[in-house]
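If you're matching positions, the sequence shown starts at 0 in numbering that gives the first Met the number 0 and goes up one per residue. A virtual CB, placed ideally from N, CA and C, is assigned to each residue, including glycine. Because the structure is a prediction, the values reported are computed rather than measured.
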Amino acid sequence: MITGLYIASGLIGSNPSAIGATYANRLVTETGLFHDRSGVLPSWKIEFTAVVTNNQAEMWAMLEGLRRLPESFSGTIYSRSKVTLGRIFDGWKWTNIPSWIHQIYRVQRKRLLNWSEIRYVLVDAKNEHYKWCEQACRESAESFMATIGANIPSTMELENAI
Numbered sequence: 000m001i002t003g004l005y006i007a008s009g010l011i012g013s014n015p016s017a018i019g020a021t022y023a024n025r026l027v028t029e030t031g032l033f034h035d036r037s038g039v040l041p042s043w044k045i046e047f048t049a050v051v052t053n054n055q056a057e058m059w060a061m062l063e064g065l066r067r068l069p070e071s072f073s074g075t076i077y078s079r080s081k082v083t084l085g086r087i088f089d090g091w092k093w094t095n096i097p098s099w100i101h102q103i104y105r106v107q108r109k110r111l112l113n114w115s116e117i118r119y120v121l122v123d124a125k126n127e128h129y130k131w132c133e134q135a136c137r138e139s140a141e142s143f144m145a146t147i148g149a150n151i152p153s154t155m156e157l158e159n160a161i
């Protein structure tokens with residue numbers, strides 16, 4: 000049985016990033032086994048803006064983690080983002096989060112049958128599971144950049160071109 004979900008995210012380049020964001024999540028079972036996943040959210044997937052912010056990246060990391068949880072999950076979710084935890088669990092405003100991302104949240108909240116039993120923790124950066132997630136984000140960014148090439152303009156360069 001899965002007892003915990005750890006999430007992290009990062010940006011590729013500046014904040015906001017014209018390149019994209021990384022995400023990683025680790026599911027931890029009651030027997031101590033891990034189920035890991037990481038990836039990249041390219042900036043072109045964010046509606047209208049063509050850039051992704053750190054808060055959008057963290058929300059995406061959370062939603063990718065929620066999607067992996069079984070319907071009956073009632074464990075603990077760990078994140079370093081007070082803003083994301085506040086949005087997900089305490090009703091904070093979803094400022095600058097695209098509506099399609101908010102819709103994914105609503106679907107996951109309905110799907111997870113024990114939502115009211117799920118706990119959340121602002122995790123310490125020294126936590127071993129969180130550290131794995133951060134490292135996976137760095138590796139995803141490096142792999143993505145190696146695939147598309149490092150000659151992508153920075154957000155500032157793009158702004159100056161307009």
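### Message
Give me, in chain order, the residues of the same chain whose beta-carbon lies closer than 7 Å to that of Ile45; leave out the 5 immediate sequence neighbours on both sides.
### Response
Here the set comprises Val51, Gln55, Pro97.
### Query
Three-state secondary structure (DSSP) at Ile96?
For Ile96, the three-state secondary structure derived from DSSP is coil.
### Task
On a CA-only basis, which of Ala145, Ile87, Ile1, Leu32 is nearest Arg108? Give me that one, please.
Answer by Cα proximity: Ile87.
### Task
Please determine if the region 13-24 and the region 35-44 are in contact, where contact requires at least 3 C-beta pairs separated by less than 8 Å.
These segments touch.
### Message
Suppose the cutoff is 6 Å on Cβ atoms and the five residues either side in sequence are ignored; what does the same chain contact list for His128 look like?
### Response
Around His128: Tyr5, Arg25.
### Query
Which stretch, first to last residue, makes up the beta strand (DSSP E) that contains Thr52?
Where Thr52 is concerned, there is no enclosing beta strand (DSSP E), given that its DSSP letter is neither H nor E.
### Backbone secondary structure at Gly31 - three-state DSSP
The answer is coil: DSSP assigns Gly31 none of H, G, I, E or B.
### Identity of the residues DSSP links to Leu177 by a beta bridge
No statement about residue 177 is possible, as the shown extent of the chain runs from 0 to 161 and does not include it.
### Query
Any idea what DSSP makes of Arg162, helix, strand or coil?
With the chain covering 0 to 161 only, the question about residue 162 has no answer from this structure.
### Task
Determine the burial state of Val106: buried for a count of at least 16 other Cβ atoms within 10 Å of its Cβ, exposed for fewer.
Counting the other Cβ atoms within 10 Å of the Cβ of Val106 gives fewer than 16, which makes it exposed.
### Query
Can you tell me whether Thr30 is buried or exposed, with buried defined as 16 or more other CB within 10 angstroms of its CB?
By the neighbour-count rule (16 or more Cβ atoms within 10 Å), Thr30 is not buried but exposed.
### Task
Grab me the residues of Thr28's own chain with a C-beta within less than 6 Å of its C-beta, minus the 5 sequence neighbours each way, in chain order.
Contacts found: Ile1.
### Distance CB(Ile100)-CB(Met58) smaller than 8 Å
Closer than 8 Å, so yes.
#### Entry: Identity of the residue in Gly3, Ser80, Phe33, His34 nearest Gly9 by Cα
Measuring from the Cα of Gly9, the nearest candidate turns out to be Ser80.
### Message
Can you list, in chain order, the residues of its chain with a C-beta nearer than 7 Å to that of Leu68? Leave out the 5 residues immediately preceding and following it.
### Response
Here the set comprises Ile1, Leu4, Leu111.
#### Entry: Span separating the alpha-carbon of Val122 from that of Leu84
About 11 Å.
### Query
On the three-state DSSP scale, how would you describe Val122?
In this structure, Val122 counts as coil in the three-state DSSP scheme.
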